[in-house]
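Engineer: Protein chains in written order, with our numbering: chain F, 9 to 570; chain Z, 40 to 217.
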Amino acid sequence: MATASDFRTCPTTGLKVHLPAERLIKANAVAAVVFLAVGGLFGLLVALTRSPWAARLLPADWFYLALTAHGLDVLIVWIIFFEMAVLYFASAVILSSRIAAPRWAWTGFVLMVVGALIVNVAVLQGQSSVMFTSYVPMKAAPHFYLGIILFAVGALIGTFVFFGTLVVAKDEKTYEGSIPLVTFGALTAAIIAVFTIASGAIILIPTLLWSVGIVSYIDPLMYKTVWWAMGHSSQQINVAAHVSVWYAIAAMVFGAKPLSEKVSRMAFLMYILFLQLASAHHMLVEPGVSSTWKIFNTSYAMYLAVLGSMVHGMTVPGSIEAAQRAKGYTKGLFEWLRKAPWSNPAFSGMFLSLLIFGFLGGISGVVMGTEQINLIMHNTLYTPGHFHATVVGGTTLAFMAITYPLINLIFRRELVMKKVAQFQPYVFGLGIIGISLFMMAAGTLGVSRRHWDITFSDAPLAFDYPAAAFLMMGLNGLSAVLAALGGLMFVAVTVGSILFGAKIEGGAPAAKPKAAPAVAQYGSVQHPAIPGTVVLVAIFFISFVLYYFVNWKYLSEVWPLR
Amino acid sequence: MAIHPPSERVWWNLPIARTELIWIIVAFLWGLTMFFMMIYWHGYGKQNLSNEAYRTTPEQFSAKVQAMVEKYKVREEAGIPVVRPPPGSEVYMLARLWQWYPILEFEKNQSYRLHLSSLDLQHGFSLQPVNINLQIHPGYEMVLSVQPDKAGTYGVVCNEYCGLGHHQMVGRIYVLDK
Numbered sequence: 009m010a011t012a013s014d015f016r017t018c019p020t021t022g023l024k025v026h027l028p029a030e031r032l033i034k035a036n037a038v039a040a041v042v043f044l045a046v047g048g049l050f051g052l053l054v055a056l057t058r059s060p061w062a063a064r065l066l067p068a069d070w071f072y073l074a075l076t077a078h079g080l081d082v083l084i085v086w087i088i089f090f091e092m093a094v095l096y097f098a099s100a101v102i103l104s105s106r107i108a109a110p111r112w113a114w115t116g117f118v119l120m121v122v123g124a125l126i127v128n129v130a131v132l133q134g135q136s137s138v139m140f141t142s143y144v145p146m147k148a149a150p151h152f153y154l155g156i157i158l159f160a161v162g163a164l165i166g167t168f169v170f171f172g173t174l175v176v177a178k179d180e181k182t183y184e185g186s187i188p189l190v191t192f193g194a195l196t197a198a199i200i201a202v203f204t205i206a207s208g209a210i211i212l213i214p215t216l217l218w219s220v221g222i223v224s225y226i227d228p229l230m231y232k233t234v235w236w237a238m239g240h241s242s243q244q245i246n247v248a249a250h251v252s253v254w255y256a257i258a259a260m261v262f263g264a265k266p267l268s269e270k271v272s273r274m275a276f277l278m279y280i281l282f283l284q285l286a287s288a289h290h291m292l293v294e295p296g297v298s299s300t301w302k303i304f305n306t307s308y309a310m311y312l313a314v315l316g317s318m319v320h321g322m323t324v325p326g327s328i329e330a331a332q333r334a335k336g337y338t339k340g341l342f343e344w345l346r347k348a349p350w351s352n353p354a355f356s357g358m359f360l361s362l363l364i365f366g367f368l369g370g371i372s373g374v375v376m377g378t379e380q381i382n383l384i385m386h387n388t389l390y391t392p393g394h395f396h397a398t399v400v401g402g403t404t405l406a407f408m409a410i411t412y413p414l415i416n417l418i419f420r421r422e423l424v425m426k427k428v429a430q431f432q433p434y435v436f437g438l439g440i441i442g443i444s445l446f447m448m449a450a451g452t453l454g455v456s457r458r459h460w461d462i463t464f465s466d467a468p469l470a471f472d473y474p475a476a477a478f479l480m481m482g483l484n485g486l487s488a489v490l491a492a493l494g495g496l497m498f499v500a501v502t503v504g505s506i507l508f509g510a511k512i513e514g515g516a517p518a519a520k521p522k523a524a525p526a527v528a529q530y531g532s533v534q535h536p537a538i539p540g541t542v543v544l545v546a547i548f549f550i551s552f553v554l555y556y557f558v559n560w561k562y563l564s565e566v567w568p569l570r
Numbered sequence: 040m041a042i043h044p045p046s047e048r049v050w051w052n053l054p055i056a057r058t059e060l061i062w063i064i065v066a067f068l069w070g071l072t073m074f075f076m077m078i079y080w081h082g083y084g085k086q087n088l089s090n091e092a093y094r095t096t097p098e099q100f101s102a103k104v105q106a107m108v109e110k111y112k113v114r115e116e117a118g119i120p121v122v123r124p125p126p127g128s129e130v131y132m133l134a135r136l137w138q139w140y141p142i143l144e145f146e147k148n149q150s151y152r153l154h155l156s157s158l159d160l161q162h163g164f165s166l167q168p169v170n171i172n173l174q175i176h177p178g179y180e181m182v183l184s185v186q187p188d189k190a191g192t193y194g195v196v197c198n199e200y201c202g203l204g205h206h207q208m209v210g211r212i213y214v215l216d217k
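What follows is the structure in structure tokens.
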């Protein structure tokens, strides 16, 4: 049982912080940043090798190895470690509760570290360059699958510690009424995580057995369907998590209040109900899957999950606008945005993340996920162009943004190199915008993803991509350098601050939290009108509609197929 | 604030502001439009996948490919047979480490029933520069009717990673004016 000395009061927020939870958040965040650095380095090498001006920087075998490691280390390891920190923060810290079963949480953490190390060793040994997706019948070393399974089990334990903490907080009445919106979003992520990890277990355990010879055959189509129930759903964990982070930053920086609790929570609920269908996005040009199945699933049942994201796209900036207008920034459409703290990396990172995720990642994802349009995009560089906008521009940048206040609140250190921190989201964000746009452009020109040599210089039959494709690959390489610089700035500031930042004093041991005071406010509090957000949303909507139909036009120009 | 419990205990009864309500309706209708657009295209668009596929084995499929090659071979390029099947016929192309086999010759504006399968791993059929991309699985024979509408030399790039020779895997399709 928690005792008084297990808590401290945060001098900034007044939240009661459970020290075992704080230690877990620190450990998970540090592990996350380590793997971000490793995975980011692999990514830089991949992008350079693909650019015409540094072509063949890595030999072919190392290129495919680095690409496999890049995918695993950033898409899985960095993001999920950080999500564990987000889950513990959104439960124990935000609810001022003790964390449930910290020993289990540490067991989960250790499993995740061990799993991540095993996967990295397997990949670096060279026998498991099967890409992040490891499509059968291509076979990796058994410990490749084992490492992923251990990592996933660890993450599942962490997820249940989160659920347990919600139960504890409710039981011990550390808050009154409903859980905060940010915690609700984290709960969404956690529920999707259970589905995701279950799908992963269903497919990876048989695949492990197949790799050691106990199971004789894994159907490749079945593998892909179930694997993506894990692979794509895990991206939906990211969406739920980073949208929660947007709300959290809006609250921390502006004191923003959701425009409507009901609308925002319904939007999260849409994720739980419909996002899992997205496995279909990867099955649109497969044999043996019917169009009916493809259309229903790829559209998340008539785009109901997309509806959720479009709603957040209005309510997140809308809540910021409402908070700013209430403070008196009411001139014109955009004074609230112009006078926002653009030099605060928590805000600039969050807002860039919102823009990149919505305009680049969201629109391209829906277009690419259209059954027929996928024909002109599947497995081209358009695909990584899209998901670098969602996962790097959206999730990673949002996580970077919230790391800055967490260094103050959880690590209790001042930031070092404040100027560097101030520019970091812009450098990284600009790099990611470049990576996404140039890869999408190259993909539109037909360039294959996961390809070492698009000049086909050793191939028996020649083929030439258009010259513009090589220009795009060169610009992609430059953008990757910029993004890597932004990543390096992030690692330098975070590691520097944790090791050398001035200690923030205060936060004497707190009494065990008593029941929070009952909130007295009832009834509707009207928020100010949000005309600026309406304009932003209108621009978004028009871009979306135009780009959507332009791609139908492109499709109509290719060979007739039946 | 979003990091605090809702200030109104009964938040689920509060009315939704008009701006949000309008956006929810617009976004929902847009979702429906996109959904029905896919169905519409199946009726009126010219680029749809057939849904026709069969279970097969590497032996069965390569036997069919070989039979076609023997019947319609016109020449060889780089050691790979070039095959010119008659319009409207069943045409086969196989994917294997690290080759598309054989080279096909089509006539412009004629329709062909193209059968695709892999003998080993998954491969990606990426027809360039038209940019038509299909996933090729071992054990599944995908059938689709193609109607090339422009003459020229087309490359078939493999765009699913299939091992160390992946980047050498290039096939070819010729479309002749007749």
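All residues carry an ideal CB built from backbone N, CA and C; glycine is no exception.
Between residue 46 of chain F and chain Z, is any beta-carbon pair separated by less than 8 Å?
Structural biologist: no
Engineer: With 8 Å as the threshold, decide whether the Cβ of residue 113 of chain Z is near any Cβ in chain F.
Structural biologist: Not a single CB atom of chain F sits nearer than 8 Å to the CB of residue 113 of chain Z.
Engineer: Flag residue 564 of chain F as yes if its beta-carbon sits less than 8 Å from any beta-carbon of chain Z, otherwise no.
Structural biologist: Chain Z has a Cβ within less than 8 Å of the Cβ of residue 564 of chain F.
Engineer: What whole-angstrom Cβ distance do residue 43 of chain F and residue 85 of chain F have, given they're in contact under 8 Å?
Structural biologist: Between residue 85 of chain F and residue 43 of chain F the Cβ distance is about 4 Å, and since that is below 8 Å, they are a contact.
Engineer: Roughly how far, in whole angstroms, is the beta-carbon of residue 405 of chain F from the beta-carbon of residue 357 of chain F, given that I think they are within contact range, below 8 Å?
Structural biologist: 5 Å
Engineer: Go ahead and label residue 115 of chain Z buried or exposed: buried means 16 or more other beta carbons lie within 10 angstroms of its beta carbon, across all protein chains shown.
Structural biologist: Its Cβ having fewer than 16 others within 10 Å, residue 115 of chain Z is exposed.
Engineer: Any C-beta of chain F within less than 9 Å: which residues of the segment 195 to 209 of chain Z qualify?
Structural biologist: 195, 196, 197, 198, 199, 200, 201, 202, 203, 204, 205, 206, 207, 208 and 209
Engineer: Taking its Cβ as the centre, do 16 or more other Cβ atoms sit within 10 Å of residue 531 of chain F, making it buried, or is it exposed?
Structural biologist: Low per-residue confidence applies at residue 531 of chain F: pLDDT is 34, beneath 50, and the placement is therefore not dependable enough to give any value.
Engineer: Grouping DSSP H, G and I as helix and E and B as strand, with all else coil, what is residue 191 of chain Z?
Structural biologist: In the structure shown, residue 191 of chain Z sits in a strand (DSSP, three-state: E or B).
Engineer: Residues of chain Z with a CB under 7 Å from the CB of residue 269 of chain F: which are they?
Structural biologist: In chain order: 45 and 50.
Engineer: Which residue's Cα is closest to the Cα of residue 138 of chain Z: Z:145, Z:164 and Z:153?
Structural biologist: Checked all of Z:145, Z:164 and Z:153; the closest Cα to residue 138 of chain Z is Z:164.
Engineer: Considering residue 535 of chain F, what are the terminal residues of the beta strand (DSSP E) in which it resides?
Structural biologist: First-last for residue 535 of chain F: undefined, no H or E at that position.
Engineer: Taking 6 Å as the limit between beta carbons, can you name the residues of its chain near residue 320 of chain F, skipping five residues before and five after?
Structural biologist: 251 and 275
Engineer: Could you spell out the range, first to last residue, of the beta strand (DSSP E) harbouring residue 218 of chain Z?
Structural biologist: Residue 218 of chain Z lies beyond the range of chain Z shown here (40 to 217); nothing can be said about it.
Engineer: Kindly indicate if chain Z contains any beta-carbon less than 8 Å away from that of residue 70 of chain F.
Structural biologist: Output row for residue 70 of chain F: interface = no.
Engineer: Is it the case that the segment 194 to 208 of chain F contacts the segment 122 to 134 of chain F, given that we only count it when at least three CB pairs across the two stretches are under 8 Å?
Structural biologist: no
Engineer: Along the beta strand (DSSP E) that carries residue 112 of chain Z, what are the first and last residues, could you check?
Structural biologist: Note, residue 112 of chain Z: beta strand (DSSP E), 112 to 116.
Engineer: Which residue spans inside the segment 159 to 187 of chain F form an unbroken alpha helix (DSSP H) run of at least 4?
Structural biologist: none
Engineer: Just list the alpha helix (DSSP H) runs in the segment 55 to 110 of chain Z, keeping only unbroken ones of 4 residues or longer that don't cross its boundaries, in chain order.
Structural biologist: 57 to 83
Engineer: Check whether the Cβ of residue 211 of chain Z lies closer than 8 Å to any Cβ atom in chain F.
Structural biologist: yes
Engineer: What are the start and end residues of each continuous alpha helix (DSSP H) run of 4 or more residues lying completely inside the segment 268 to 331 of chain F, in chain order?
Structural biologist: 269 to 282 and 299 to 306
Engineer: Starting from the beta carbon of residue 173 of chain F, find every residue of chain Z whose beta carbon is closer than 9 Å, and list them in chain order.
Structural biologist: Correct list: empty, because the minimum Cβ distance to chain Z is about 15 Å.
Engineer: What first and last residue would you give for the beta strand (DSSP E) that runs through residue 578 of chain F?
Structural biologist: It is not possible to answer for residue 578 of chain F, since the shown part of chain F is limited to 9 through 570.
Engineer: Tell me whether residue 58 of chain F sits in a helix, a strand or coil according to DSSP, three-state version.
Structural biologist: helix
Engineer: Are the CB atoms of residue 431 of chain F and residue 491 of chain F nearer to each other than 8 Å?
Structural biologist: no
Engineer: Using the beta-carbon count (16 or more within 10 Å), is residue 86 of chain Z buried or exposed?
Structural biologist: buried
Engineer: Compute the distance between the beta-carbons of residue 429 of chain F and residue 423 of chain F, then report whether it is under 8 Å.
Structural biologist: Contact: yes.
Engineer: Identify every run of the alpha helix (DSSP H) within the segment 217 to 269 of chain F, keeping only runs that are complete inside it and at least 4 residues long; order them along the chain.
Structural biologist: 228 to 262
Engineer: Measure the C-alpha to C-alpha separation of residue 450 of chain F and residue 477 of chain F and round it to an integer number of angstroms.
Structural biologist: 5 Å
Engineer: Of all the options F:434, F:153, F:260 and F:204, which has the alpha carbon lying nearest to the alpha carbon of residue 220 of chain F?
Structural biologist: F:153
Engineer: Please list the partners that residue 230 of chain F has in chain Z, where partner means a Cβ-to-Cβ separation under 9 Å.
Structural biologist: What residue 230 of chain F touches in chain Z: nothing, since even the nearest Cβ is about 10 Å away.
Engineer: Is the segment 87 to 103 of chain F close to the segment 174 to 192 of chain F, with three or more CB pairs under 8 Å?
Structural biologist: yes
Engineer: Does the separation of the CB atoms of residue 397 of chain F and residue 535 of chain F fall below 8 Å?
Structural biologist: The answer is no: Cβ separation not under 8 Å.
Engineer: Using the DSSP secondary-structure output, state which residues sit across from residue 172 of chain Z in a beta bridge.
Structural biologist: Z:165
Engineer: Since residue 138 of chain Z is in the alpha helix (DSSP H), which residue starts that stretch and which ends it?
Structural biologist: From DSSP, residue 138 of chain Z is part of no alpha helix (DSSP H) but of the beta strand (DSSP E) over 138 to 140.
Engineer: Going by beta carbon distance, what residues of the same chain come within less than 7 Å of residue 174 of chain Z, once the five residues before and after it are set aside?
Structural biologist: 161, 163 and 199
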